[in-house]
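Engineer:
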Amino acid sequence: MIRIAFITLMVVCTSLNNSLFSQTSVNVDNQRFKYYIRSLPTQIMDSRSFYYSVNFAVPLDVRRFLDERLLAENVIIEGQRFTDSPQRGDAAVSIIMSPVNFETATVKERYVEEKDSRGKVTGRTFYYWQEVVYTFESSTTISQNNKEYLRYSAISRSKKYTFKSPEFSRQREASRFYIDNRQMLLAELTRERAEETVDLVSKKLTNTFGFPVTAEYGLIKTINEKKHPEHYQLREMSLSIEKKMRALDGTYPLTEADMEKEIEYFKSLPVKYADQTPKLDARLRYVAYYNLARIYMYIDQPENTKEWADLLTENGVDKKDGETLIKDARTISDRFIQSDIYTREFDPDTLFSE
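Note that our numbering has the sequence shown beginning at 73, numbered continuously upward.
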């Protein structure tokens, strides 16, 4: 009986070992997450950080409807500082607006049918309103030290807007709406388009010269193979990266020291699984190389990405990912060089006060 039990135990152990070592691959999963960075300017003026003032070049029949001071304060270049007392060297934003131009006023109608209990139409109630088509035009420039850096058309005359009046029970009331309320419409529509202009100008100037906090979507690799001895620790390390990345808010960066544990772990995998024959080892090396390349981008060291991206390509698994990683790192490096700022996590007020 003891001999039979021993043989049975050997068979079970052999079966388990064969199951483990016959495994030729592991399931590699994508782990995605959202985090926030401080975007860098796409264009630099005389200085990266500046105060800016806002003035309006508008005719009297536009100006009388506007609160220019309030509009000026609502022109936001994220990461830069607004001033209503401009000094020499400050940037100057000029917003040009032309009057609302009414083109057509057309009466529209609709009706609601009344029916009896048998579904027969017993009457109709008509409703009338007026649709007024109009255009508007606005643009902006920004300059510093008498040099113009940007000219932007915010709203073009070719764009058609439609105002819809309230509904009336009589067609005549609807047809007179524009005539009776022209001045009210001029005031209301001018203010609406001026506010739209300020919003468009703010977005354009922020994207070009500002430091907005923007969402990014990150990607690292993990495995889903519970039978593999690396499963739990690798997943723990991937989750640790994700947790640290999700905490980024565009202000405080992650450093190499913050990622030391994860970096050392993923660097150890290619040494531990160095056999060039099994696909299983190759896929684990792929995960390690990919995550290391991404980590160095996430901690603002894109120059260190190429080493791991090249190893990923040489490894032979999903080689095109190596090209993508190098391209992404180059984009970050180029923006660093252009802006002379080498991080994407900072407080502009703190950075530029140093």
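Heads up, the beta-carbon is just placed ideally off N, CA and C, and yes, glycines get one too.
The structure presented is a predicted model; accordingly, all values stated were derived computationally and were not measured.
Check F122 in the structure and name its three-state DSSP category.
Structural biologist: If DSSP states are grouped into helix, strand and coil, F122 belongs with coil.
Engineer: What span of residues does the beta strand (DSSP E) with N173 cover, start to end?
Structural biologist: Per DSSP, N173 belongs to the beta strand (DSSP E) from 163-187.
Engineer: In whole angstroms, give me the CA-to-CA distance for S215 and E379.
Structural biologist: Spanning the two alpha carbons is a distance of roughly 42 Å.
Engineer: For L222, which beta-bridge partners are listed by DSSP?
Structural biologist: Bridge partners of L222: I214.
Engineer: L291: buried (16+ other C-beta within 10 angstroms of its C-beta) or exposed?
Structural biologist: Per the 10 Å Cβ criterion, exposed.
Engineer: Along the chain, where does the beta strand (DSSP E) containing Q103 start, and where does it finish?
Structural biologist: Here the beta strand (DSSP E) through Q103 covers 100-110.
Engineer: Would you say E302 and L356 are within 8 Å of each other, going by their C-beta atoms?
Structural biologist: Yes, Cβ-Cβ distance for E302 and L356 is below 8 Å.
Engineer: So if DSSP puts I295 in a beta bridge, which residue, or which two residues, is it bridged to?
Structural biologist: Answer is V100.
Engineer: Are there 16 or more other CB atoms within 10 angstroms of the CB of E395, so buried, or fewer, so exposed?
Structural biologist: Exposed, because fewer than 16 other Cβ atoms sit within 10 Å of the Cβ of E395.
Engineer: In the DSSP assignment, find the unbroken alpha helix (DSSP H) run with L250 in it and report its ends.
Structural biologist: A small fix is needed here, since residue 250 is Tyr in this sequence, not Leu. That run of the alpha helix (DSSP H) goes 249-252.
Engineer: Could I get the ranges of all uninterrupted alpha helix (DSSP H) runs contained in the region 304-358, with 4 residues as the minimum, in chain order?
Structural biologist: Complete alpha helix (DSSP H) runs here, min 4: 332-344.
Engineer: Going by DSSP, what residues sit across from R242 in a beta bridge?
Structural biologist: Answer is none; R242 lacks a bridge partner.
Engineer: Rounded to whole angstroms, what is the Cα-Cα separation between L257 and S310?
Structural biologist: Approximately 58 Å between the Cα atoms of the pair.
Engineer: Does the beta-carbon distance from R110 to F283 come in below 8 Å?
Structural biologist: Their beta carbons are under 8 Å apart, which means R110 touches F283 by this criterion.
Engineer: Look at the Cβ atom of I429, then the Cβ atom of V205, and state whether they are nearer than 8 Å.
Structural biologist: Absent from the structure is residue 429, since the part of the chain shown begins at 73 and ends at 426.
Engineer: Assuming A319 and M369 form a contact by the criterion Cβ under 8 Å, report the distance between their Cβ atoms to the nearest whole angstrom.
Structural biologist: Contact doesn't hold; Cβ gap of about 17 Å is too wide.
Engineer: Let me know the secondary structure DSSP gives T262 once reduced to three states.
Structural biologist: Of the three classes helix, strand and coil, the one that applies to T262 here is helix, per DSSP.
Engineer: Could you check if V193 is buried or exposed, using at least 16 other CB atoms within 10 Å of its CB as the buried criterion?
Structural biologist: Its Cβ having fewer than 16 others within 10 Å, V193 is exposed.
Engineer: Specify whether the region 128-145 and the region 101-110 touch according to this definition: at least 3 beta carbon pairs, one from each stretch, less than 8 Å apart.
Structural biologist: Touching, no, given that fewer than three Cβ pairs across the two stretches are closer than 8 Å.
Engineer: Less than 6 Å between C-beta atoms, sequence neighbours within five positions excluded: which residues of the same chain meet that for R265?
Structural biologist: Cβ neighbours of R265 beyond the five flanking positions: F208.
Engineer: Below 8 Å on the Cβ atoms is my contact criterion, and I expect P342 with A354 to pass it. Report the Cβ-Cβ distance as a whole number of Å.
Structural biologist: Wrong, their Cβ atoms sit about 10 Å apart, outside the cutoff.
Engineer: Note down, in chain order, each residue of its chain lying with its Cβ closer than 6 Å to the Cβ of P171, except the 5 sequence neighbours on either side.
Structural biologist: The answer, listed in chain order, is D133, V134.
Engineer: Could you tell me if Y250 is buried or exposed, where buried requires 16 or more neighbouring beta carbons within 10 angstroms of its beta carbon?
Structural biologist: With 16 or more Cβ atoms within 10 Å of its Cβ, Y250 is classed as buried.
Engineer: Do L417 and P325 have their CB atoms nearer than 8 Å?
Structural biologist: Here residue 417 is Glu; the residue named in the question, Leu, does not match the sequence. It is a contact, given that the beta carbons lie within the stated cut-off.
Engineer: Can you tell which of E328, F122, V130 has the C-alpha that lies nearest to the C-alpha of S211?
Structural biologist: If we check each option's Cα against that of S211, V130 comes out closest.
Engineer: Drop a sphere of 10 angstroms on the beta-carbon of V184, count the other beta-carbons inside from all chains shown, and report buried for 16 or more, exposed for fewer.
Structural biologist: Label assigned to V184: exposed.
Engineer: What is the DSSP secondary structure of Q410, reduced to helix, strand or coil?
Structural biologist: DSSP places Q410 in helix when its eight states are reduced to three.
Engineer: Quick one: give me the first and last residue of the beta strand (DSSP E) that K236 is part of.
Structural biologist: 233-236 is the extent of the beta strand (DSSP E) around K236.
Engineer: For my contact list, R307 and T294 are in at a C-beta cut-off of 8 Å; report their separation, rounded to the angstrom.
Structural biologist: Indeed they touch by this definition, with Cβ atoms about 5 Å apart.
Engineer: If you reduce the DSSP assignment to three classes, tell me which class G290 lands in.
Structural biologist: Three-state result, G290: strand.
Engineer: Taking Cβ positions, are L277 and I149 nearer each other than 8 Å?
Structural biologist: In contact: L277 and I149 (Cβ atoms closer than 8 Å).
Engineer: How big is the Cα-Cα spacing for E203 and D252?
Structural biologist: About 14 Å.
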